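According to UniProt numbering, the sequence shown holds residues 1 to 175 in order. In what follows, a single structure is set out as structure tokens and then discussed.
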Amino acid sequence: SFVILGFIKYTELPFIGKVVVQGIPEVARAVIHIDEQSSKSKYKLLVEGDNLRAVMATHGVNGSRTTSNNTYEVEKTLGIEAARSTIINEIQYTMVNHGMSIDRRHVMLLADLMSYKGEILGITRFGLAKMKESVLMLASFEKTADHLFDAAYFGQKDSVCGKLVIPQKLSPHPI
């Protein structure tokens, strides 16, 4: 299951106890988290579940500051641009927490690739197969022989203009 973060509108502790997330079957658990790193205490409601729309509509939860790490749920609720933004934020968050830094522009390119069709496509053999852009892209991921055989059998063409798929140095002498 996924975690949905909702920022509480009211920052006073007595109000926090009055925010009730109930009646949402997809929510398994809700926990109040106090963010002590900021100068003014901020409270977050951490919700484990999948119904982003219902959590955003809960009285006392600021829906405009609610986020989710479930990109499909974000796409369904808020649209493809919000899902793209979620992909970027989640990749950056994961990499930073593992001590790695990746240029945000590279992550944005990956998010663009995953969302440019108007739906979220995973970087899996199924997501890449839905993209159907490049035989070489499919062959470079999984089932190389199958993709190349199918491309040859069905006469698919793949322009290599602007693509570099050469695993070794080129010889300066023509063969």
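Glycine included, every Cβ here is placed at the ideal spot set by N, Cα and C. Note that the coordinates shown come from a computational prediction; the quantities given were computed from them, not determined experimentally.
Nearest by alpha-carbon distance to residue 106: which of 147, 155 and 89 is it? 89
Pull up the CB-CB distance for residue 83 and residue 120, whole angstroms please, since I reckon it's below 8 angstroms. 5 angstroms
Looking at the secondary structure, which residues open and close the alpha helix (DSSP H) in which residue 76 lies? 71 to 78
So who's on the other strand from residue 29, going by DSSP bridges? 48
Any idea if residue 114 is buried or exposed, counting beta-carbon neighbours within 10 angstroms, 16 or more meaning buried? buried
Nearest-angstrom Cα distance between residue 112 and residue 142? 21 angstroms
Can you name the start and end residues of the alpha helix (DSSP H) that residue 115 belongs to? 104 to 115
Simplified DSSP state of residue 66, which is helix, strand or coil: strand
Roughly how many angstroms separate the alpha carbons of residue 28 and residue 148, rounded to a whole number? 46 angstroms
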